[in-house]
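Q: Pasting in a structure now, in structure tokens, and then I'll have a few things to ask.
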Amino acid sequence: MIAATDLRSLTERQREVLSIVVENKLYKNKDTAIPEIAEQLGIAPVAVYKHILEIEKDDLCRVTVSPSEKGTKIYERLSLEPRPARRLTAEALTEIRRAILTYLSTRPDATSVELSEELAMSEYAVNTNLRVLEAISLITKQRGRAVRRGVPPYVYDLTNHGRSVIR
């Protein structure tokens, strides 16, 4: 069974390709040719092939491509392999990421420049760690107030989950 979160990670076009393949295999019990999918969606066969590769990369299903007399057909296994186990939040928290969370707990709405100065790290390293923390929903990122001309900097703040992790 494919979870809703897994489907959200796909683009709309990838979901369309996946639904056509699954519908044809499960309900019509027939194998689907790439040109057939391309014709149904009105896109190039190469684009369909790229979408299939992306679907496979997300480990949602395994697709077997084998030659046929009319071209290439896709065969999908009916049993989907389970997604690899996700790492626990504690495993993703390194010393640096804990330090960032601790700093954000005392000073909300901090920018990456402030964090890099406070933690004596490069801004690139701080931004990389901030992206990881945002991906696991420990912090939020939003535009701050405009101080000068130009685009306001991003400010970071802890989520409720982030507060509970550092306690």
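So the sequence shown is numbered by our numbering: it starts at 2 and just counts up by one. Where a beta carbon is used, it is the ideal one built from N, C-alpha and C, also for glycine.
So, helix, strand or coil for residue 34, using DSSP?
A: strand
Q: Would you report the Cα separation of residue 99 and residue 134, rounded to the nearest angstrom?
A: 10 Å
Q: Could you tell me the alpha carbon to alpha carbon distance between residue 160 and residue 45, rounded to whole angstroms?
A: 43 Å
Q: Identify whether residue 156 lies in helix, strand or coil by the three-state DSSP scheme.
A: strand
Q: Opposite residue 140 in the DSSP bridges: which residues?
A: 159
Q: Can you give me the start and stop residues for the alpha helix (DSSP H) that residue 107 sits inside?
A: 96-107
Q: Could you please give me the residues that DSSP links to residue 111 through a beta bridge?
A: 157
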